[in-house]
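S.K.: First, the structure itself, so that you have it in front of you.
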Amino acid sequence: MCGVPVSYDFLGIFDTVASVGIAQSAAATLFDGHGGWGRKELMAVPHYVRRCVHMVAAHEPRGSFPLDLIDCSMDGREEIVYPGVHSDVGGGYGPGEQGRGRDDADKLSQVPLLDMYREARKAGVPLDINGPGIGADVIAAFKVSAGLKQAFAAYVKKSENYYYEKDHGTPGLMRCHYGLYLRWRKMRLKDMHAQPSFKAAQARYPQDAADLDSANAELKEEWNDLLEVEKAGGPTITRYVEKFVTKWASENPKTAAVVSTSLLPAAVAAEVFVPGVSAATVLFGDKVVKLVQAQLKEKWEQWLQVRSDWNMGPPEPAISALYDNYMHDSRAWFKPLGDDDDVWNHRQIQELKAKQASFERAHAAWKKRVEMGMPSPLQVTQAMGVGSTGWGPVGGLPPEPEPRSPLTAQQADLLKRYDAAMQSAKQARAAKDPNAPTDSAVLTDPKVTGGLALQTSGREFYFLWGFLRWRTVFVNGVRWDQPRVPTVQEEMEGMRMQMQRQVDMKGIGVLFQ
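Right under this line is the structure:
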């Protein structure tokens with residue numbers, strides 16, 4: 360630095376993900392998240408870092424979170440695989456999220472946190488939590504509950520003998536653990552609602568339970584879809600266009616009516632009368648179709664790889680216990696195609712407020728007319744005989760009915776709770792209260808927003824991503840793919856061809872030597 364040699368004694372990193380620029384989940388065959396400051400050459404750990412420890416998550420399923428590994432061929436580099444999704448390893452979820460844990464000491468992320476602290480201390484980093492001036496809150500932040508210690512140790516002991524190709528390094532070990540996870544996920548397809556953690560999520564934060572439930576339902580759909588694709592001989596974009604356009608049309612009938620009038624006849628005509636041109640090509644263009652088809656092919660090939668793990672049967676109780684009680688589902692709550700929970704709730708509240716405001720304006724106008732003895736516009740129209748009801752002129756008009764609020768009693772009560780909570784939070788912030796809630800905290804408080812519709816969609820498309828595939832891993836900026844293992848038939852054919860070459864070169868006698 361400025362001509363002076365610099366070295367770093369220690370660098371500790373947790374599950375490093377590069378989703379800079381356009382993320383991998385947008386189009387994996389074009390983008391991998393290594394844009395801007397996330398370029399591959401900038402992701403490498405510099406040589407002047409003497410010791411680097413990278414703790415990685417074995418169970419992260421999201422396409423938007425590909426993993427960048429460090430170069431462990433260099434001295435002073437070590438990678439450690441931990442059970443959990445991205446934030447279970449680095450940062451942690453809040454206590455009670457998705458029904459897991461009661462306090463900080465129960466968080467699965469406490470284990471890698473404490474391990475990283477020890478690694479830093481061994482490297483000489485002056486971080487002594489027992490040193491002078493360290494508060495009790497800092498010491499408590501490093502605690503691990505007895506239940507988590509026991510569950511984690513049991514998981515490690517039970518999973519340590521599972522076979523994986525040592526030559527495959529960190530990615531191979533990750534896939535071994537992810538295979539265990541897939542077995543657990545299949546087991547929980549039928550009985551997730553009966554699990555204590557799911558019931559705890561329902562009680563604490565209903566949106567968490569809705570996330571877990573809808574993600575589980577999507578996994579069922581993903582599996583059934585892959586079984587249907589197997590019967591069809593492989594995936595095609597036309598299949599998914601038809602499937603999801605039908606679903607979209609049922610959810611958006613008015614827009615679909617306009618679109619179908621202008622686009623669909625041309626698309627269908629092209630597919631029928633132009634050889635080699637599909638409706639998908641007409642709707643989206645040839646380049647988009649080829650791009651999506653390549654992604655479908657990749658998902659299909661990965662399903663063929665994970666299928667044996669998926670069909671292997673439930674894992675041991677010690678494996679399931681850690682997943683059930685401590686590990687989170689990052690795909691369940693992650694909705695890049697939807698809204699954050701606070702935005703979702705705020706939109707609904709604003710819609711209720713708009714309805715209430717419209718009612719209040721109508722009620723004020725009605726009250727004014729009654730006080731002045733004026734008829735309503737509808738009554739005037741009816742009296743003139745031009746109303747849509749077909750009534751003729753009448754001598755006397757019946758009293759105009761008083762407008763009624765379109766909100767239910769529950770919705771009206773919800774708005775009162777919301778307004779009171781927001782006012783209280785605003786006052787607390789004005790008073791510099793360190794515990795004052797943010798607007799986002801108010802909008803995600805079930806005591807305030809209970810009764811609003813819960814969001815159940817918006818995740819990455821399961822037919823491209825989902826659970827039934829491997830996590831993407833980069834090594835030195837290059838995507839890692841498992842080396843292909845020849846089948847028994849291919850090995851036998853290779854031996855036959857080698858023997859044939861020997862016979863061709865040396866004669867039949869070589870077989871008897």
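Numbering (my numbering), first residue to last: 360 to 872.
Virtual Cβ for every residue (Gly too), placed ideally from N, Cα, C.
In this text the structure is predicted, and so the values were computed from the model without any measurement.
Nearest to residue 818 by alpha carbon, out of 695, 766 and 760?
M.R.: Of 695, 766 and 760, the residue nearest in Cα terms is 695.
S.K.: What is the DSSP secondary structure of residue 581, reduced to helix, strand or coil?
M.R.: It is helical.
S.K.: With a cut-off of 8 Å, do at least 3 Cβ pairs link the region 566-584 to the region 806-821?
M.R.: Judged by Cβ distances under 8 Å, the region 566-584 makes contact with the region 806-821, as three or more pairs qualify.
S.K.: Could you tell me which uninterrupted beta strand (DSSP E) segments, each at least 3 residues in length, are contained entirely in the region 382-443, listed from first to last along the chain?
M.R.: List check, beta strand (DSSP E) in window: 411-416, 426-428 and 436-441.
S.K.: Between residue 369 and residue 438, what straight-line distance do the alpha-carbon atoms span, to the nearest angstrom?
M.R.: Cα to Cα, the separation comes out at about 14 Å.
S.K.: So, at 6 Å on beta carbons, what are the nonlocal neighbours of residue 483 in its own chain, with the 5 sequence-adjacent residues on each side left out?
M.R.: Only 368 meet the Cβ criterion.
S.K.: Give the list of continuous alpha helix (DSSP H) stretches no shorter than 4 residues that lie fully inside the region 491-555.
M.R.: Entirely contained in the region 491-555, the alpha helix (DSSP H) runs reaching 4 residues are, in chain order, 495-499, 505-518 and 528-546.
S.K.: Should the region 755-768 be regarded as contacting the region 783-792, the criterion being three or more beta carbon pairs within less than 8 Å?
M.R.: No, because fewer than three Cβ pairs between the region 755-768 and the region 783-792 fall closer than 8 Å, the two stretches do not touch.
S.K.: Per DSSP, residue 571 forms a beta bridge with which residues?
M.R.: Looking at the DSSP assignment, residue 571 forms no beta bridge with any residue, so it has no partner.
S.K.: Taking the runs of the beta strand (DSSP E) that are 3 residues or longer, which of them lie wholly in the region 650-679?
M.R.: Taking only runs of at least 3 residues, no beta strand (DSSP E) segment lies wholly in the region 650-679.
S.K.: For residue 516, which residues from the same chain have a beta carbon less than 8 Å from its beta carbon, with the 5 sequence-adjacent residues on both sides left out?
M.R.: Contacts found: 677.
S.K.: Please classify residue 406: is it buried, with 16 or more other beta-carbons within 10 angstroms of its beta-carbon, or exposed?
M.R.: Exposed.
S.K.: May I have a chain-ordered list of the alpha helix (DSSP H) segments no shorter than 4 residues that lie completely inside the region 749-812?
M.R.: Runs of the alpha helix (DSSP H) inside the region 749-812: 768-789, 798-802 and 805-808.
S.K.: Considering just the uninterrupted stretch of the alpha helix (DSSP H) at residue 718, what are its terminal residues?
M.R.: Its alpha helix (DSSP H) spans residues 700-731.
S.K.: Looking at C-alpha atoms only, which residue of 853, 856 and 815 is the closest neighbour of residue 570?
M.R.: For residue 570, the nearest C-alpha among the options comes from 815.
S.K.: With a Cβ-Cβ cutoff of 9 Å, do residue 692 and residue 457 count as a contact?
M.R.: Against a cut-off of 9 Å, the Cβ pair of residue 457 and residue 692 comes out as a contact.
S.K.: Taking only three categories from DSSP, how would you classify residue 834?
M.R.: Correct three-state label for residue 834: strand.
S.K.: Nearest-angstrom Cα distance between residue 748 and residue 801?
M.R.: Since pLDDT at residue 748 reaches only 49, below the 50 mark, its modelled position is unreliable, and the value read off the structure follows with that caveat. Their backbone Cα atoms lie some 47 Å apart in a straight line.
S.K.: Provide the residue(s) that pair with residue 376 in DSSP beta bridges, ordered along the chain.
M.R.: Per DSSP, 426.
S.K.: In three-state terms, what does DSSP make of residue 486?
M.R.: Looking at residue 486 - three-state DSSP - the assignment turns out to be coil, as it is neither helix nor strand.
S.K.: Between the Cα of residue 698 and the Cα atoms of 799, 761, 650 and 684, which residue gives the shortest distance?
M.R.: Nearest of 799, 761, 650 and 684 to residue 698, Cα basis: 799.
S.K.: State yes or no: is the C-beta of residue 403 within less than 9 Å of the C-beta of residue 444?
M.R.: Their beta carbons are not under 9 Å apart, which means residue 403 does not touch residue 444 by this criterion.
S.K.: How would you write the range of the alpha helix (DSSP H) that residue 448 sits in, first residue to last?
M.R.: Counting along the chain, the alpha helix (DSSP H) containing residue 448 begins and ends at 445-448.
S.K.: Going by beta carbon distance, what residues of the same chain come within less than 7 Å of residue 540, once the five residues before and after it are set aside?
M.R.: 418 and 682.
S.K.: Would you call the CB atoms of residue 687 and residue 446 closer than 9 Å?
M.R.: Yes, these two residues count as a Cβ contact at 9 Å.
S.K.: Taking its Cβ as the centre, do 16 or more other Cβ atoms sit within 10 Å of residue 783, making it buried, or is it exposed?
M.R.: Burial call: exposed.
S.K.: Indicate the three-state DSSP secondary structure (helix, strand or coil) for residue 826 in the structure shown.
M.R.: Residue 826 falls in the coil class under three-state DSSP.
S.K.: Evaluate residue 588 with the Cβ neighbour count: other Cβ atoms within 10 Å of its Cβ, from every protein chain shown; 16 or more gives buried, anything less gives exposed.
M.R.: So residue 588 counts as buried.
S.K.: Please look up how many angstroms separate the CB atoms of residue 556 and residue 536, rounded, as I've assumed it's under 8 Å.
M.R.: In fact, because the Cβ distance is near 20 Å, the residues do not count as touching under 8 Å.
S.K.: Check the C-beta distance from residue 568 over to residue 560 and give it rounded, since I have them as a contact under 8 Å.
M.R.: Contact holds; Cβ gap of about 4 Å.
S.K.: Can you tell me whether DSSP reads residue 476 as helix, strand or coil?
M.R.: Note: residue 476 maps to helix in three-state DSSP.
S.K.: What does residue 371 pair with, by DSSP beta-bridge criteria?
M.R.: Looking at the DSSP assignment, residue 371 forms a beta bridge with 412.
S.K.: Quick check: the region 469-478 against the region 497-506, are at least 3 beta-carbon pairs closer than 8 Å?
M.R.: In short, these stretches touch, since the Cβ pair count reaches three.
S.K.: In angstroms with no decimal places, state the Cα-to-Cα distance between residue 435 and residue 372.
M.R.: Cα to Cα, the separation comes out at about 14 Å.
S.K.: Would you kindly report the start and end of the unbroken alpha helix (DSSP H) that includes residue 464?
M.R.: No alpha helix (DSSP H) contains residue 464, which DSSP labels as neither H nor E.
S.K.: Between residue 826 and residue 544, which are expected to be in contact by the criterion C-beta below 8 Å, what is the C-beta distance as a whole number of angstroms?
M.R.: About 6 Å separates the two Cβ atoms, so the contact holds.
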